[in-house]
Amino acid sequence: MNHKYFMEQALNEAKYTLDKGLFPVSCVLVYKRKVIATSSLKGVKINSLNELHHAEIRALHRLYKLQDKINKTKVTLFCTFEPCLMCFSTIIIAGINKIVYAYEDVMGGGTNLDIKHLKHLYQKRKITIVPNILRDKSVEFFKAFFSDPEEDYLRGTLLAKYTLKQ
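The structure is reproduced here in structure tokens:
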């Protein structure tokens, strides 16, 4: 599978959200080398943003709405930003076995969670994590977001400081 090609799809969605002044996280779900669902913060008003608006969660909602029978273990999730703990846990429960992301979340990334310490139902899951695919392009988007003097979302946080030092 061409990781760069599908990450470009996610980055295109992230660019659109960045251009609208939104946090540039987007997600693309791929099945049998075909994009089956995409998500970002597109359409979310900043004043209504909540923790359930994460791109991965929204993409999984779209996945479940598909009428096709999809083997979720064969779905690859591409994201412009490392999934947080909530999203990573949801991905595990959904049965997705491969996550590809562009930029690491130094403040809240969840992909380093040691699954062996989870309860029996999840311990045997085999999840492949592929980091840093087109990382530089994703970092550019986050730098632009955190450099915007009008933007207050996560301003001054570890993530913002880390990103602006890149």
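Positions in the sequence shown are counted from 1; adding 6 to them yields this note's numbering.
Every residue gets a Cβ at the ideal spot worked out from N, C-alpha and C, and that includes glycine.
Problem set entry | Three CB pairs or more closer than 8 Å across the segment 57-73 and the segment 82-94 | Output reads yes: the segment 82-94 touches the segment 57-73.
For this session: Please list, in chain order, all residues of the same chain as residue 43 whose beta carbon is under 6 Å from its beta carbon, the five residues on each side excluded.
Result: Hits under 6 Å: 35, 65, 68, 69.
Exercise. Quick one: what's residue 93 bridged to in DSSP?
Worked result: BP columns for residue 93 are empty, so no partner.
Problem set entry | Cα-Cα separation between residue 30 and residue 157, rounded to whole angstroms | So the two alpha carbons sit approximately 12 Å from each other.
Exercise. Which one of 170, 139, 166, 159 has the shortest CA to CA distance from residue 13?
Worked result: When each option's Cα is compared against that of residue 13, the closest is 139.
Problem set entry | Spatial distance of residue 116 from residue 88 (CA atoms) | Distance from the CA atom of residue 116 to the CA atom of residue 88, rounded to whole angstroms, is 7 Å.
Problem set entry | Proximity to residue 16 [Cα-Cα], best of 123, 114, 109, 74 | Nearest Cα to residue 16 within the set 123, 114, 109, 74: 109.
Problem set entry | Nonlocal neighbours in the same chain, by C-beta distance under 6 Å from residue 19, ignoring five residues either side | Around residue 19, the same chain offers 32, 44, 46 as residues with beta carbons nearer than 6 Å, after the five sequence neighbours per side are excluded.
Problem set entry | residue 115 - partner residues in DSSP beta bridges | As a beta-bridge residue in DSSP terms, residue 115 pairs with 90.
Exercise. So what does DSSP say about residue 145, is it helix, strand or coil?
Worked result: Of the three classes helix, strand and coil, the one that applies to residue 145 here is helix, per DSSP.
Problem set entry | Buried or exposed (CB count within 10 angstroms, at least 16 for buried), residue 81 | The residue is buried, with at least 16 neighbouring Cβ atoms inside 10 Å.
Exercise. Taking only runs of the alpha helix (DSSP H) that begin and end inside the segment 7-87, which ones reach a length of at least 4 residues, in chain order?
Worked result: Here the runs fully enclosed are 9-25, 61-71.
Exercise. So, is residue 106 buried or exposed, given that buried needs 16 or more other C-beta atoms within 10 angstroms?
Worked result: Counting C-beta atoms within 10 angstroms of its own C-beta, residue 106 has 16 or more neighbours from the protein chains shown and is therefore classed as buried.
Exercise. Starting from residue 104 and walking both ways along the alpha helix (DSSP H), at which residues does that stretch end?
Worked result: It is not in any alpha helix (DSSP H) - residue 104 instead sits in the beta strand (DSSP E) that spans 104-109.
Exercise. Taking the continuous beta strand (DSSP E) assigned at residue 163, which residues delimit it?
Worked result: Neither: residue 163 is in no beta strand (DSSP E) and is coded neither H nor E.
Exercise. In whole angstroms, what is the alpha-carbon distance linking residue 102 and residue 118?
Worked result: So the alpha carbons of these two residues sit roughly 16 Å apart.
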